[in-house]
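Residue numbers (my numbering), protein chains in the order written: chain A, 252 to 614; chain B, 252 to 614. Glycine included, every Cβ here is placed at the ideal spot set by N, Cα and C. Everything on this sheet refers to the single structure shown next.
There are 2 protein chains.
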Amino acid sequence: MAASVQPVVTAVIMAGGRGERFWPRSRNHLPKQFLSLTDDGETMIRKTADRLEGLVPHENIYVVTAEEHIPLAREQLPFVPAANLLAEPAPRNTAPCIALAAAVIRKRHGDAVMLILPADHMIRHRSLCTDILRRAVAAAAEDDRPVTIGITPTYPETGYGYIEFSPEDTAGQGIYRVTSFREKPDGETAKAYVQSGRYLWNSGMFAWRTSVYCNALREHLPVLADFADTITQVCDTPRFASVLREEFPRLPAVSVDYGVLEHWRQLYTIPAGFGWDDVGSWPALGRVAKTDTNGNYRSGDILTVGTRDCVFYGGKRLIAAVGLENIILVDTEDALLACSADAAQNVRKITEMLREQGRGELL
Amino acid sequence: MAASVQPVVTAVIMAGGRGERFWPRSRNHLPKQFLSLTDDGETMIRKTADRLEGLVPHENIYVVTAEEHIPLAREQLPFVPAANLLAEPAPRNTAPCIALAAAVIRKRHGDAVMLILPADHMIRHRSLCTDILRRAVAAAAEDDRPVTIGITPTYPETGYGYIEFSPEDTAGQGIYRVTSFREKPDGETAKAYVQSGRYLWNSGMFAWRTSVYCNALREHLPVLADFADTITQVCDTPRFASVLREEFPRLPAVSVDYGVLEHWRQLYTIPAGFGWDDVGSWPALGRVAKTDTNGNYRSGDILTVGTRDCVFYGGKRLIAAVGLENIILVDTEDALLACSADAAQNVRKITEMLREQGRGELL
Numbered sequence: 252m253a254a255s256v257q258p259v260v261t262a263v264i265m266a267g268g269r270g271e272r273f274w275p276r277s278r279n280h281l282p283k284q285f286l287s288l289t290d291d292g293e294t295m296i297r298k299t300a301d302r303l304e305g306l307v308p309h310e311n312i313y314v315v316t317a318e319e320h321i322p323l324a325r326e327q328l329p330f331v332p333a334a335n336l337l338a339e340p341a342p343r344n345t346a347p348c349i350a351l352a353a354a355v356i357r358k359r360h361g362d363a364v365m366l367i368l369p370a371d372h373m374i375r376h377r378s379l380c381t382d383i384l385r386r387a388v389a390a391a392a393e394d395d396r397p398v399t400i401g402i403t404p405t406y407p408e409t410g411y412g413y414i415e416f417s418p419e420d421t422a423g424q425g426i427y428r429v430t431s432f433r434e435k436p437d438g439e440t441a442k443a444y445v446q447s448g449r450y451l452w453n454s455g456m457f458a459w460r461t462s463v464y465c466n467a468l469r470e471h472l473p474v475l476a477d478f479a480d481t482i483t484q485v486c487d488t489p490r491f492a493s494v495l496r497e498e499f500p501r502l503p504a505v506s507v508d509y510g511v512l513e514h515w516r517q518l519y520t521i522p523a524g525f526g527w528d529d530v531g532s533w534p535a536l537g538r539v540a541k542t543d544t545n546g547n548y549r550s551g552d553i554l555t556v557g558t559r560d561c562v563f564y565g566g567k568r569l570i571a572a573v574g575l576e577n578i579i580l581v582d583t584e585d586a587l588l589a590c591s592a593d594a595a596q597n598v599r600k601i602t603e604m605l606r607e608q609g610r611g612e613l614l
Numbered sequence: 252m253a254a255s256v257q258p259v260v261t262a263v264i265m266a267g268g269r270g271e272r273f274w275p276r277s278r279n280h281l282p283k284q285f286l287s288l289t290d291d292g293e294t295m296i297r298k299t300a301d302r303l304e305g306l307v308p309h310e311n312i313y314v315v316t317a318e319e320h321i322p323l324a325r326e327q328l329p330f331v332p333a334a335n336l337l338a339e340p341a342p343r344n345t346a347p348c349i350a351l352a353a354a355v356i357r358k359r360h361g362d363a364v365m366l367i368l369p370a371d372h373m374i375r376h377r378s379l380c381t382d383i384l385r386r387a388v389a390a391a392a393e394d395d396r397p398v399t400i401g402i403t404p405t406y407p408e409t410g411y412g413y414i415e416f417s418p419e420d421t422a423g424q425g426i427y428r429v430t431s432f433r434e435k436p437d438g439e440t441a442k443a444y445v446q447s448g449r450y451l452w453n454s455g456m457f458a459w460r461t462s463v464y465c466n467a468l469r470e471h472l473p474v475l476a477d478f479a480d481t482i483t484q485v486c487d488t489p490r491f492a493s494v495l496r497e498e499f500p501r502l503p504a505v506s507v508d509y510g511v512l513e514h515w516r517q518l519y520t521i522p523a524g525f526g527w528d529d530v531g532s533w534p535a536l537g538r539v540a541k542t543d544t545n546g547n548y549r550s551g552d553i554l555t556v557g558t559r560d561c562v563f564y565g566g567k568r569l570i571a572a573v574g575l576e577n578i579i580l581v582d583t584e585d586a587l588l589a590c591s592a593d594a595a596q597n598v599r600k601i602t603e604m605l606r607e608q609g610r611g612e613l614l
């Protein structure tokens, strides 16, 4: 742990999501991460970048997103250099996304620390989050450890993956060994997880050196390691864009959790609590945003009578709600969603139907 | 019962309703009776008039409605003479409305039979209805009886008033004596009413001679009898409109049921079943109109997933419903209503709030 080996610190904002669970407010041309779902003026990706203040210089922030969304990223993050906006030619999940970023960062910054952040999560306590990210960076830098941020669960959520950690097996500084990954649990299991004190929510935020990730790819996903090598070669040459367009769509779509993290024998976690929520679907707004005394989230011109625990996301039109409970209502110019909060995951069935019916203008 | 005493038969279509329970589809400038709620191309008032075919000649059809709605009535009932469209200067419930019509009809047609029909009820079996109306007219004409059409209840509705009748005490031709009126009952009472076979729904359709009604007014509501005398005097003179505007707003607002029918010692009813519904609020559409296999009424561009027993009344915009049950959704250009079917009577609280907030453009 010599002060002299401080590596460069970079951040990778993963912004490839299509946000279909937030239809009809999010659309293919404007997914969730480029919206301010809670109407507080800042988009989710902008808030993600702002949390890096004092930790990662602007010129070291990278964004990976769909080609069509590069202009949105440029507009919303004007301080990020254009060369740091990396366009995915096709969606291939998180492992290839991080491989692309690692390949570019390795070329430009050497064996830098990569702080990897989803662009579309909500965090209530910004400075607490920045502090935790700082500790994750330090651990990744000083001890070459791969680190995942684990969120201390505040209730038995069944929609998240969980990380089991070993509270005794401390690596110092509040950093612990991960012992297993658990898929989304049922209600009973989730309750047991929360009560045990040995499980954390898998936040999807990571920190590691480029070498640590690339070595893991070589071992567990060699096709991605080869891809990263190719990209590092062509990075900042005229061939970069065409090689990327050629190679990327051929990669397997695999998540970094499934493809890399679960194989890591030495993975560490920092348990943290900073008001995190992945805001995975409309009902989450009732958890993370300000509600009225009846638990209703209200955005727009809303009148309610005998209505509780609803989410109203209006436009210009008046929304009048009478006797509703646990209902999501999202109004846009050309489409209106009315959904039971318990069935929010089925909003995808609507977008599937629209796709099948060739009604792409509504997607 | 001599064939020679056949009086003139007239009809009075009561179209004064403001239809606020169908907000936001019905508005002050376009209430329910001037809409086709079931999207079958004919407005409710037009269908009411059409049921009189072969029974009441066009020139004997009268319409009583708000001043501002006279142009709508003229447009939708072009075959009704303009002089038969009677404008209420203010809403004063049904007893004054019928007094106004009786006063005019008495002047023009003498002691004619008045067939009195609400403009905004739904009737599934048109010819059965016309047959019943014919029998009511005959009873009112031949025996000077006041007659009310009673609907054989098909389920224990708690939203209707009931008429108790005496099944033994027949006056011949399937016409029975009314023994009492009952207010909207609770669920248990409604069940007992239906099971007893002695109760009918109060349909608000009546037949009587002008003299029978005016005599009843003289006895029970003399201020209305005086009003009717004044109107008969000025009817078809240049003073008619100004006298009506002067006198009508001063009348007490009282229903014909409460003010007249309940006092009548000799009131008759014809029990009938012709698929009647007063369509008193949005959930009624699920009863009276065609629904899909999951019991959803669909008008507009509607996609549903796991949704049952809902009413969707859309506009141009797509409505996507996910996991809903017993919900009313009405979409218009400037306002959207989402309402639990069980709370439909509270839609009025929304229109009250809009009035209080000075947002008349939405009413």
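Determine, using beta carbons only, whether residue i and residue j come nearer to each other than 9 Å.
i      : j      : result
A594/B : V556/A : yes
E576/B : T558/B : yes
N344/A : A535/A : no
L451/A : G526/A : no
A333/A : D480/A : no
V530/B : F457/B : no
A589/A : I570/B : yes
P275/B : V581/B : yes
V260/A : L306/A : yes
W515/B : I579/B : no
L303/B : M295/B : no
R385/B : A422/B : no
A317/B : R269/B : yes
In the DSSP assignment, find the beta strand (DSSP E) that holds residue i and state where it starts and stops.
i      : result
F432/B : Y427 to R433
C590/B : A586 to S591
P522/A : Y519 to A523
P407/B : No beta strand (DSSP E) contains P407/B, which DSSP labels as neither H nor E.
L323/A : No beta strand (DSSP E) holds L323/A; the alpha helix (DSSP H) holding it covers I321 to Q327.
Put residue i into one of helix, strand or coil per three-state DSSP.
i      : result
L512/A : helix
C561/A : coil
P342/A : coil
G401/B : strand
E419/B : strand
S602/B : Residue identity check: residue 602/B is Thr in the sequence provided, not Ser. Residue state, collapsed to three classes: helix.
S532/A : coil
V259/B : coil
R549/A : strand
L368/B : strand
G270/A : coil
G574/A : coil
Could you give the residue range of the alpha helix (DSSP H) that holds residue i?
i      : result
G537/B : A535 to V539
F491/B : F491 to E498
S462/B : T461 to H471
T440/A : G438 to S447
Using the C-alpha atoms, what's the distance from residue j back to residue i?
i      : j      : result
V539/A : P347/A : 30 Å
P522/A : F273/A : 29 Å
K567/A : Y413/A : 40 Å
E607/A : K600/A : 10 Å
D362/A : Q446/A : 40 Å
T403/B : G524/B : 6 Å
P342/B : E497/B : 14 Å
T299/B : I264/B : 8 Å
Q424/A : F416/A : 15 Å
A350/B : I321/B : 19 Å
E434/B : Q596/B : 17 Å
P340/A : L502/A : 11 Å
Just to confirm my understanding: we take residue i, look at its own chain, exclude 5 residues before and 5 after, and list those with CB closer than 6 Å. What are they?
i      : result
R297/A : Q327
G537/A : Y548 and V562
G455/B : P369
S255/B : In this prediction, S255/B has a pLDDT of 45, which is less than 50 and means its spatial position is unreliable; nothing more can be read from the coordinates.
T542/A : Y548
Identify, in the order they occur along the chain, each residue of the same chain with its Cβ nearer than 7 Å to the Cβ of residue i, setting aside the five sequence neighbours on each side.
i      : result
N335/A : I312, Y313 and V314
Quick one: does the C-beta of residue i sit closer than 8 Å to a heavy atom of the ligand GTP?
i      : result
A571/A : Here there are no bound small molecules, and the ligand GTP is not part of this structure.
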